[in-house]
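If you're matching positions, the sequence shown starts at 840 in our numbering and goes up one per residue.
Ideal placement from N, C-alpha and C gives every residue a C-beta, glycine not left out.
Quick caveat, the model's predicted, so the values are computed rather than measured.
Data first, discussion second: the structure below is written as structure tokens.
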Amino acid sequence: PATWPSTVVGGPETAVLACGAGLLGTGALWIALRSVGATDERATRLYALAALIPAIALASYVAMATGVGVVAVPIGGRGPVELRWARYADWLFTTPLLLLVLGVLVDADRDALFGAVAADAFMIATGLVATLSTVPVYRYVWWAVSTLTFLLVLYFVFVVLTAEARALGTETASAFVVFRTLTGVLWTAYPVWWLLGPRGLAAVTPVVETAGFVLLDVATKAGIGLLLLRSRAVGDGTATTK
Ligand code: RET
840 PATWPSTVVG GPETAVLACG AGLLGTGALW IALRSVGATD ERATRLYALA
890 ALIPAIALAS YVAMATGVGV VAVPIGGRGP VELRWARYAD WLFTTPLLLL
940 VLGVLVDADR DALFGAVAAD AFMIATGLVA TLSTVPVYRY VWWAVSTLTF
990 LLVLYFVFVV LTAEARALGT ETASAFVVFR TLTGVLWTAY PVWWLLGPRG
1040 LAAVTPVVET AGFVLLDVAT KAGIGLLLLR SRAVGDGTAT TK
């Protein structure tokens, strides 16, 4: 129809996306500036990752705010629903990087980390399939596939990485509990929010859905970076020697 894409650029959703871009850009810059002068090699690596994660998201948000990656999916009976796949491009890179941060933090076994990253990428890819499917029931089936894979990722964080953190000593173990909890709670909100949003049960409007994802993305991406900068288990480089 001639009216499509209606809300792509210039509507309230654009403003929300621009806010997200601003917050993520500020976060990336803040983390990068704060990490200047870090001498410990492992801390430097973690800070670089922590700055890179919101920077990638910034690119995705600028793309979404300017109308890139918008598709209209005709979901059975409901007519076209506008959605932005740029979000999934962001998550495809940033969620593995977030897992990498946790892995570097506790000196994780490479093979286990690789397995978790593979499961994570599969989770995002199948989530995109759920998002783009036009038959409602297929959307929920793919959502369920993605969520099952998400449980594998949680197992990795809560069981495998937790064991590695404990092996490194009490300080790293207690610092890791904070990162683990943040990951468990915030990541779980994503599939729930997807279900409530216009892609699922349509309990919330597209603008509210976008605002919710902005809050989650800022909390997970900038939040973890700021936590890292404050964490003694990172800054003084003692985590691996204790
Ligand atoms: C989708 C929908 C399908 C089911 C599941 C999902 C999970 C998404 C997650 C995203 C995490 C994103 C983060 C981003 C940035 O920092 C794709 C929403 C399970 C867990 C942490």
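Give every residue of the same chain whose Cβ lies closer than 7 angstroms to the Cβ of I963, excluding the five residues on either side of it in the sequence, and list them in chain order.
Here residue 963 refers to the residue found at position 124 when the sequence shown is read from its first residue. These residues qualify, in order along the chain: Y927, W930, L931, T934.
Can you check whether the CB of L885 is closer than 8 angstroms to the CB of L863?
Counted from its first residue, the sequence shown places residue 863 at position 24. Counted from its first residue, the sequence shown places residue 885 at position 46. Not closer than 8 angstroms, so no.
Compare the beta carbon distance of G942 and L1000 with 8 angstroms and say whether it is the shorter of the two.
In the sequence shown, counting from the first residue as 1, residue 942 sits at position 103. In the sequence shown, counting from the first residue as 1, residue 1000 sits at position 161. Yes, Cβ-Cβ distance for G942 and L1000 is below 8 angstroms.
Quickly, what does DSSP pair G1062 with across the bridge? List them, please.
Indexing the sequence shown from 1 puts residue 1062 at position 223. G1062 has no beta-bridge partner at all, per DSSP.
State the Cα-Cα distance for the pair R1071 and I892, rounded to the nearest angstrom.
The sequence position of residue 1071 within the sequence shown is 232, counting from 1. The sequence position of residue 892 within the sequence shown is 53, counting from 1. The alpha-carbon atoms of R1071 and I892 are separated by roughly 21 angstroms.
Report the option in W1033, L990, G918 whose CA atom is closest to the CA atom of L967.
Indexing the sequence shown from 1 puts residue 967 at position 128. Selected option, being the one with the closest Cα: W1033.
Taking C-alpha atoms, which residue in V974, L993, V996, L1025 lies nearest to G918?
Reading the sequence shown from its first residue, position 79 is the one you call residue 918. Nearest C-alpha to G918: V974.
According to DSSP, simplified to helix, strand and coil, what is R923?
For this step, residue 923 is matched to residue 84 along the sequence shown. The answer is strand: DSSP assigns R923 an E or B state.
In whole angstroms, what separates the C-alpha of A1050 from that of A1006?
Counting from 1 along the sequence shown, the entry for residue 1050 is found at position 211. Counting from 1 along the sequence shown, the entry for residue 1006 is found at position 167. Spanning the two alpha carbons is a distance of roughly 39 angstroms.
Tell me whether P851 is buried or exposed, calling it buried when 16 or more other Cβ atoms sit within 10 Å of its Cβ.
In the sequence shown, residue 851 corresponds to position 12, counting from 1. Exposed is the call here.
What residue does the alpha helix (DSSP H) around V909 start on, and which one ends it?
Your numbering for residue 909 matches position 70 in the sequence shown. No alpha helix (DSSP H) contains V909, which is instead part of the beta strand (DSSP E) from 909-914.
Using a threshold of 8 angstroms, state whether the C-beta atoms of G1064 and I870 are closer than that.
What you label residue 1064 is simply residue 225 of the sequence shown in a count that begins at 1. What you label residue 870 is simply residue 31 of the sequence shown in a count that begins at 1. Closer than 8 angstroms, so yes.
By DSSP's criteria, G849 is part of a beta bridge. Which residues make up the other side?
Counted from its first residue, the sequence shown places residue 849 at position 10. G849 pairs with nothing; no bridge assigned.
In the structure shown, what three-state DSSP assignment does G966 receive?
Numbered from its first residue, the sequence shown carries residue 966 at position 127. Note: G966 maps to helix in three-state DSSP.
Where does L990 land, buried or exposed, given buried means 16+ other C-beta within 10 angstroms?
Counting from one through the sequence shown, the residue named residue 990 turns up at place 151. With fewer than 16 other Cβ atoms within 10 Å, it is exposed.
Got a sec? Which residues, its chain only, sit under 6 angstroms from S874 by beta carbon, not counting five neighbours each side?
Taking the first residue of the sequence shown as position 1, residue 874 is located at position 35. These residues qualify, in order along the chain: Y886.
Residue burial classification, T1020 (beta-carbon count within 10 angstroms, cutoff 16):
Within the sequence shown, numbered from 1, the residue matching residue 1020 stands at position 181. With fewer than 16 other Cβ atoms within 10 Å, it is exposed.
One question on the structure: do A925 and M903 come within less than 8 angstroms of each other, judged by their Cβ atoms?
Sequence index remark: in the sequence shown, residue 925 carries index 86 (1-based). Sequence index remark: in the sequence shown, residue 903 carries index 64 (1-based). Yes, the pair counts as a contact, with Cβ atoms nearer than the cut-off.
Residue interval of the alpha helix (DSSP H) (run including R1019):
For this step, residue 1019 is matched to residue 180 along the sequence shown. It spans 1009-1035 - the alpha helix (DSSP H) in which R1019 sits, taken as one unbroken run.
May I ask which residues mark the beginning and end of the alpha helix (DSSP H) holding T1001?
For the purposes of this step, residue 1001 is taken as residue 162 along the sequence shown, with counting starting at 1. In this chain, the alpha helix (DSSP H) harbouring T1001 covers 1001-1006.
Buried or exposed for E1048, please, with buried defined as at least 16 other CB atoms from any protein chain shown within 10 angstroms of its CB.
Locating residue 1048 in the sequence shown gives position 209, where the first residue counts as 1. Classification for E1048: buried.
Give the straight-line distance between the Cα atoms of D879 and T965, rounded to the nearest whole angstrom.
In the sequence shown, residue 879 corresponds to position 40, counting from 1. In the sequence shown, residue 965 corresponds to position 126, counting from 1. Rounded to the nearest angstrom, the two C-alpha atoms are 38 angstroms apart.
Pairing CB atoms from the region 1008-1016 with CB atoms from the region 947-962, are three or more of them under 8 angstroms?
Put simply, the region 1008-1016 does not touch the region 947-962. Fewer than three CB pairs are less than 8 angstroms apart.
Tell me which residue opens and which closes the alpha helix (DSSP H) that L887 is part of.
Counting from 1 along the sequence shown, the entry for residue 887 is found at position 48. With the sequence shown as reference, residue 887 is identified as Ala, and Leu is not the correct amino acid for it. A887 -> alpha helix (DSSP H) spans 880-904.
Are the beta-carbon atoms belonging to A882 and V1073 less than 8 angstroms from one another?
As a working mapping, residue 882 is identified with position 43 in the sequence shown. As a working mapping, residue 1073 is identified with position 234 in the sequence shown. Contact: yes.
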